[in-house]
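For reference, the structure is listed below as structure tokens.
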Amino acid sequence: MAEANGAIERRMAFLEKVYLEDRERWRETKQLLEKNEERWRETEQLQEKNEERWQKNEERWREMEKKYEERWRENEKKYEGRFQRMFQMLELHGKNFDSHNKKFDIHAKNLEIHAKELVRLRRSNEAVLRSLHRIMEGR
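Residue 244 in this note's numbering is what sits at position 131 of the sequence shown, and the numbering runs on without skipping anything.
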């Protein structure tokens, strides 16, 4: 009987130990849940702040866009005559560049002709030098 009582006491001690461990784990889990809830609340608050900032930024961008468009229209009116004169000047310069390009094309063709002539002369000079070497070796 003493053995049975000892076994029961050991079993009770074991169950009490398991119960206390489970209780401690439950406390830890509860604390973690509370921390998670707190973090969740903080995240929601941050998200709300970000949404507010986003809306403010969108409003600012709209205002800036309106101001930019107004300035653009004002500048178009203000500088329209100047731009037309500048475009006319650019067209004139473009025509001048076209005529210069034609002249450069002619010069480039002439240079190609001269280069071919120089190559031909070099080859003939090399042939003359070879024949001179042969003559010199023959002496």
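No residue lacks a Cβ here, since even glycine has one placed at the ideal position from N, Cα and C. Nothing here was measured: the structure is a model prediction, and the numbers come from that model.
Collapsed DSSP secondary structure at M114 in the structure displayed
coil
Cα separation between N170 and W153?
25 Å
Do you know how far the Cα of N209 is from the Cα of M199?
15 Å
Rounded C-alpha distance that separates I226 from N238
18 Å
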